[in-house]
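The structure appears right after this line, and notes come after that.
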Amino acid sequence: MLITKLENLRTHIKTLKRFAYGFRSFTNMRLWIFLINRLISYALKASNSY
């Protein structure tokens, strides 16, 4: 099971590296990798301004 997860992560990273030219920094690319693989969560705040 662990090997499958690692292989999936490796595949995602290889795919994302092809699009890495659009990132301004390595930190942004790293954050995107974490978000895509659900290694971190991101909560959006609801805006109540009308």
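Basically this note's numbering = 1-based index in the sequence shown + 18. Where is the CB? At the ideal position from N, CA and C, for every residue including glycine. Quick caveat: nothing in here was measured; it's all calculated off a predicted structure.
Leaving out five residues before and five after residue i in sequence, what residues of the same chain have Cβ atoms less than 7 angstroms from its Cβ?
i	result
Leu20	none
For residue i, report the span of its alpha helix (DSSP H) as first-last.
i	result
Met47	Phe44 to Ile54
Is there a Cβ of chain C sitting closer than 8 angstroms to that of residue i, yes or no?
i	result
Glu25	Considering every chain present, this structure includes no chain C. It has just one protein chain.
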